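All remarks here apply to the structure that follows.
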Amino acid sequence: MSAPPRLQQLPSLSGRAYLLMAVVIFAAANAVTRRLTDLGAQNLMDGRNPISFCNVLFVGNLVALVALGAVYRQALLPSQWLRLKGSAWLSLMAVAILSGALAPALFFLALEQTSVNNVVLVGRIEPPLTLALSVLLLGARVNRWTIAGAVVSTIGVGLTVLLPQPASTMVQTDMVQTGMVQMGGLAFGQGELMAIAGAVAAAIATIISKVSLEQVPLGLFSLVRTGIGTIVFFVAVIVLFEPSHFQDAFSPFVWQWMVGYGVIIVAGGQLAWFQGLKTSRTAEIALANSFSPIAGILAAFLILGDAPTMAQYIGGTVVLVGIGLNQWGSMRSVVPPPPLMRPEAETGMGFRGI
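End of the sequence shown sits at 812 in our numbering; the numbers just go up one at a time, nothing left out.
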């Protein structure tokens, strides 16, 4: 069915505005999550933080699921679900587990153990990983500038992780004792390793989306990913830890903050991004993606007062050079990129609150 005439005639500026809104929301997700957990630490319930990372992810996704269901009502029709083949459902479940449960849980753990700026910069390893997997597994063709950009960005992430970090960037919580992991004579922060693991999970989910989910409507994809991801995360916490992690999940104090978080950060960011995809060119989408680390660091400074460290300045600068090379390579590409109206269009946005 063709889109209504009014939607088709929207000026490109409207698409850019939606993309800008999405980038701002996604960039603020890290800092807002940290601010909420800090707020919970200041309002303990029987010695517990009511706004723990478990409650933020679980309750935030429940709220977002209701909001997305209201927007994508047609995706709830049984006829929409019955159209998908068994292989598509298996792929959807795999993507939901990886990008809807595992990746956000790892990013949350990273936020509990290291600075927001580190999570933002280390999360930029996702686009190079996705590119490498696309070349190795899917036979994707890329030019040397794009490859150079991926390599330089990876070096920037490595510098962020390996250069000495001030003690103030390490965060200790009730749930996790932070520290350093020794690997081959190199010292890695646990938070940075969690962020890398989250990026790996997100990159694998993107590859699965490229292979198997190109024809799945975005509304159905969003609902299934959020719904299954929430269920898997809930069950995993119950099995691996204990039910007490969710005993404050339905307290009024938690919900008064999670309603705004779920609607604005989780659901609002996705809706703005998908709306921007409808009326924006591929180059504009890639450009919006490239601003995400700058916006994330700026959000951390404005919301938390976290100024970048020397390691973050150095690593972030190298990452930005890599992004610039990648942009140059995209503009010089002989083969035009496909339209990004698919689930994998979110690649490189890092942690998005889900």
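Built from N, CA and C at the ideal position, the CB exists for glycine as well.
Quantities reported herein were computed from a predicted structural model and do not represent experimental measurements.
For a quick check, are the C-beta atoms of residue i and residue j less than 8 Å apart?
{"i": "T572", "j": "E650", "result": "yes"}
{"i": "V695", "j": "H703", "result": "yes"}
{"i": "V615", "j": "G773", "result": "yes"}
{"i": "A707", "j": "V517", "result": "yes"}
{"i": "V574", "j": "L762", "result": "yes"}
{"i": "Y530", "j": "A730", "result": "no"}
{"i": "G558", "j": "G687", "result": "yes"}
{"i": "A533", "j": "G677", "result": "yes"}
{"i": "L526", "j": "T684", "result": "yes"}
{"i": "V724", "j": "N519", "result": "yes"}
{"i": "L478", "j": "P751", "result": "no"}
{"i": "I421", "j": "I781", "result": "No answer is possible for residue 421: the residues shown for the chain start at 459 and end at 812."}
{"i": "V593", "j": "V600", "result": "yes"}
{"i": "S788", "j": "T491", "result": "no"}
{"i": "Q500", "j": "T618", "result": "no"}
{"i": "G498", "j": "N488", "result": "no"}
{"i": "A659", "j": "A561", "result": "yes"}
{"i": "A568", "j": "A653", "result": "yes"}
{"i": "K668", "j": "L778", "result": "no"}
{"i": "M503", "j": "S709", "result": "yes"}
Looking at the structure shown, is residue i part of a helix, part of a strand, or coil, going by DSSP?
{"i": "G763", "result": "coil"}
{"i": "G649", "result": "helix"}
{"i": "T805", "result": "Residue placement at T805 is poorly supported in this model, since its pLDDT is 49, which falls under 50; the coordinates are not used for a value here."}
{"i": "R541", "result": "coil"}
{"i": "R739", "result": "coil"}
{"i": "G643", "result": "Only weak support exists for where G643 lies, its pLDDT of 47 falling under 50; the value from the coordinates is given anyway. Coil."}
{"i": "M633", "result": "Any reading at M633 must be qualified, since the residue scores a pLDDT of 39, below 50, and its modelled position is unreliable; the value itself is stated next. Residue state, collapsed to three classes: coil."}
Run the CB neighbour count on residue i, radius 10 Å, all protein chains shown included, and call it buried at 16 or more, exposed below.
{"i": "M768", "result": "exposed"}
{"i": "T775", "result": "exposed"}
{"i": "E570", "result": "buried"}
{"i": "Q728", "result": "buried"}
{"i": "R582", "result": "buried"}
{"i": "A528", "result": "exposed"}
{"i": "Q630", "result": "Any reading at Q630 must be qualified, since the residue scores a pLDDT of 43, below 50, and its modelled position is unreliable; the value itself is stated next. Q630 should be labelled exposed."}
{"i": "S537", "result": "exposed"}
{"i": "V674", "result": "buried"}
{"i": "L540", "result": "exposed"}
{"i": "R602", "result": "exposed"}
{"i": "G647", "result": "buried"}
{"i": "V577", "result": "buried"}
{"i": "V697", "result": "exposed"}
{"i": "F699", "result": "exposed"}
Which residues in the same chain have their Cβ closer than 7 Å to the Cβ of residue i, if we skip the five residues on either side of it in sequence?
{"i": "A765", "result": "F759"}
{"i": "A824", "result": "Nothing in the structure corresponds to residue 824, since the chain is present only between 459 and 812."}
{"i": "I666", "result": "S549, A552, V553"}
{"i": "G726", "result": "I483"}
{"i": "F732", "result": "L676"}
{"i": "F711", "result": "N501, P508"}
{"i": "C512", "result": "V695, H703, F704"}
{"i": "A655", "result": "L564"}
Grab me the residues of residue i's own chain with a C-beta within less than 8 Å of its C-beta, minus the 5 sequence neighbours each way, in chain order.
{"i": "Q785", "result": "G607, A744, L745, S748"}
{"i": "S494", "result": "The question names Ser, but residue 494 in the sequence shown is Leu. Same-chain partners within the cutoff: I509, V514, W715, Y719."}
{"i": "I613", "result": "V776, G780"}
{"i": "L897", "result": "For residue 897 there is no data in the structure shown, the boundaries of the chain being 459 and 812."}
Ordered along the chain, which non-local residues of its own chain (more than five positions away) have a Cβ less than 6 Å from that of residue i?
{"i": "A657", "result": "G581, I583, E584"}
{"i": "A663", "result": "V553, L556, S557"}
{"i": "G473", "result": "G734, T737, S738"}
{"i": "V690", "result": "I555, A559"}
- Message: Extract the residue ranges of the alpha helix (DSSP H) inside the region 567-605, only unbroken runs of 4 or more that lie entirely within it.
- Response: 574-580, 584-596
- Complete beta strand (DSSP E) runs within the region 638-721 (minimum length 3 residues, chain order): If we require 3 residues or more, the beta strand (DSSP E) runs fully inside the region 638-721 come out as 638-641, 644-647.
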